[in-house]
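What follows is a short report on a single structure.
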């Protein structure tokens with residue numbers, strides 16, 4: 046599914062109208078989809094307050110109001126700046142309340158306090174101006190009523206009992222009013238939505254900070270526009286249904302060799318757990334055999350936690366009590382590489398000078414051919430610290446930087462990277478000829494040919510130490526199973542976030558990385 050700009054969406058609407066499917070039919074479909082979502086979410090006897098604006102967004106909201114009223118729902122359309130009786134969409138709803146007739150917003154505030162659901166249909170995707178004037182006063186009144194509602198709601202002091210909701214469910218029509226759907230900028234007066242029902246295709250601003258945090262759960266409704274009208278160059282949104290067809294098969298006649306052999310070079314005296322987490326995740330993601338090559342202290346710690354990985358001890362520094370890999374480890378690895386289908390290097394390696402020299406010797410000088418490669422964490426930091434470009438790696442390796450690591454690799458500031466995540470990932474994927482997985486909320490996956498894919502997930506539960514090691518283990522497992530790097534990167538990012546979401550449902554919002562890894566099989570089973 047493509048992610049489009051506002052101008053691209055307008056062009057798609059125009060092409061659809063020119064084909065004979067007019068704007069009135071698109072609006073009827075959009076309003077019907079919005080009504081269906083609200084009806085599903087609202088209590089049967091709950092009040093639905095719909096905030097209606099003057100444009101097409103308000104028209105969608107009025108169609109939804111008429112549908113919901115016809116179903117017997119309690120709906121109050123509160124209309125800001127719209128034509129009166131001359132508007133057939135207004136004529137189709139019962140008992141609309143006009144903002145002009147409520148100059149002090151007393152009625153609006155009373156309805157806000159009572160409402161089970163608030164529908165935000167004030168401004169659509171085309172708005173780019175700051176909110177001011179009468180609309181600012183309207184939204185300030187809604188915010189004031191929501192604050193009063195929170196402070197006046199009864200508080201239960203027994204934490205084992207469920208607390209009644211102290212705010213209504215907020216459903217945005219197409220986008221929260223005040224969101225710039227091209228940049229992600231958000232107006233301070235915007236209402237943070239629990240659900241956003243957008244139409245035909247998602248918009249760029251739904252996935253860019255800070256506005257993405259105001260969209261809540263995104264629902265994309267079909268309204269008669271052919272999605273194939275989107276430009277081929279538009280970014281792709283990762284969706285479970287589309288990606289499920291790419292999952293590697295699991296034949297009942299298979300053996301462990303069928304599912305690939307993954308070699309993981311990870312861990313140090315300071316970060317031994319990173320190796321264990323990556324190994325566990327690689328097995329959970331379906332690798333037939335996981336082989337850990339690490340300094341002896343790391344191998345012993347991992348073996349005490351996990352029985353399944355195969356172990357090879359690598360030379361470390363200092364030799365008598367190693368805390369990090371030494372350059373001599375390259376020779377020890379050379380004999381292992383031909384027997385493995387994928388290689389992960391980096392989790393917890395440390396940036397010890399000798400380990401950095403090891404990374405350079407293995408990845409850049411390359412005394413032996415490397416299998417498909419995932420470069421993570423301290424392997425990326427070693428390249429940056431040595432002033433080496435990832436362009437020197439085998440082409441189409443998967444690089445997994447977070448914004449700080451990306452800053453070290455590129456020389457850009459972290460702020461500059463976060464401000465232009467999509468553009469930065471696309472630019473450097475092309476410059477380096479690598480697959481770049483720029484981690485964070487709505488992780489970005491960039492191919493050197495310009496393709497871009499965006500994760501639908503912004504999951505706070507993934508923000509925990511070791512979460513990146515889980516992702517790295519998943520990626521090497523998918524490569525080991527024979528997937529090409531672009532497919533492996535997209536599947537791995539989606540699977541990692543899906544497992545984190547399932548773990549959060551089971552364990553709560555604060556997770557350990559191991560919780561995520563242990564939910565990978567469940568995520569795969571549900572996904573399949």
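Numbering (the numbering used here), first residue to last: 46 to 573.
Cβ coordinates follow ideal geometry from the N, Cα and C atoms, glycine included.
Status (buried if at least 16 other CB within 10 Å, exposed otherwise) for residue 504: buried
Rounded to whole angstroms, what is the Cα-Cα separation between residue 534 and residue 517? Pairing residue 534 with residue 517, the inter-Cα distance amounts to about 10 Å.
Range covered by the alpha helix (DSSP H) that runs through residue 196: In this chain, the alpha helix (DSSP H) harbouring residue 196 covers 178-197.
Close beta carbons around residue 160, own chain, < 6 Å, minus the five adjacent residues each side: Same-chain partners within the cutoff: 92, 94, 213.
Distance, Cα to Cα, residue 561 vs residue 392? 16 Å
Going along the chain, which residues of its own chain have a beta-carbon closer than 6 Å to the beta-carbon of residue 75, five neighbours each way excluded? 105, 244, 268
Closest by CA to residue 529, which one among 443, 354, 162, 313? 443
Proximity of residue 107 and residue 242 at Cβ, strictly below 7 Å: no
Cβ-based burial, residue 248 [other Cβ within 10 Å; buried from 16]: buried
Coarse secondary structure for residue 361, derived from DSSP in three states: strand
Hey, residue 441 and residue 471 are a contact pair by Cβ (cut 8 Å); roughly how many whole angstroms apart? Contact doesn't hold; Cβ gap of about 15 Å is too wide.
Of the choices 175, 319, 407, whose alpha-carbon is the least far from that of residue 511? 319
Within 10 angstroms of its Cβ, does residue 376 collect 16 or more other Cβ (buried), or is it exposed? exposed
Output needed for residue 422: all residues of its chain with C-beta closer than 6 Å, excluding positions within five of it in sequence on either side, in chain order. 391, 392
Assumed close pair residue 337, residue 344 - CB separation to whole angstroms, cut-off 8 Å: 7 Å
Nearest to residue 47 (by Cα), restricted to the options 257, 251, 292, 302: When only C-alpha atoms are compared, the closest one is 251.
Leaving out the 5 sequence neighbours to the left and right, which residues in its chain are closer than 7 Å to residue 425 when beta-carbon positions are compared? These residues qualify, in order along the chain: 391, 444, 446, 450, 454.
So is residue 284 buried or exposed if we call it buried at 16+ other beta carbons inside 10 Å? exposed
In three-state terms, what does DSSP make of residue 244? strand
Which class does residue 427 belong to by DSSP, given the choice of helix, strand or coil? helix
Among the residues of its own chain, which have a CB less than 6 Å from the CB of residue 110, if the five just before and after it don't count? 95, 120, 122, 138
Beta-carbon contacts of residue 543 that lie in its chain and below 6 Å, excluding the five residues immediately before and after: 568
Among the residues of its own chain, which have a CB less than 6 Å from the CB of residue 310, if the five just before and after it don't count? Cβ within range, chain order: 338, 390.
For a test of the three-state rule: what should DSSP assign to residue 467, helix, strand or coil? The answer is helix: DSSP assigns residue 467 an H, G or I state.
Assuming residue 308 contacts residue 397 under a Cβ cut-off of 8 Å, what Cβ separation, rounded to an integer in Å, is found between them? Actually they do not touch by this definition, with Cβ atoms about 21 Å apart.
Return the chain-ordered list of same chain residues with a C-beta closer than 8 Å to the C-beta of residue 257, the five sequence neighbours on each side being excluded. These residues qualify, in order along the chain: 229, 250, 251, 486, 487, 503.
Opening and closing residue of the alpha helix (DSSP H) in which residue 541 lies: 530-552
For the region 231-277, list the beta strand (DSSP E) runs that are entirely contained and at least 3 residues long, ordered along the chain. 240-244, 262-266
Here's the rule I'm using: 16 or more other beta-carbon atoms within 10 Å means buried, otherwise exposed. How should residue 151 be labelled? exposed
For residue 477, the three-state DSSP class (helix, strand or coil): Helix at residue 477.
Roughly how many angstroms lie between the CA atoms of residue 124 and residue 97, to the nearest whole one? 5 Å
Host beta strand (DSSP E) of residue 389 (start-end): Looking at the DSSP string, the run of the beta strand (DSSP E) that includes residue 389 is 387-390.
In the DSSP output, what is residue 575 paired with across the bridge? Because the chain here runs from 46 to 573, residue 575 falls outside it and cannot be looked at.
At which residues does the alpha helix (DSSP H) containing residue 515 begin and terminate? 512-525
To the nearest angstrom, how far is the alpha carbon of residue 270 from that of residue 254? 27 Å
Looking only at C-alpha atoms, which of 60, 163, 404 sits nearest to residue 84? Sorting 60, 163, 404 by C-alpha distance to the C-alpha of residue 84 places 163 at the top.
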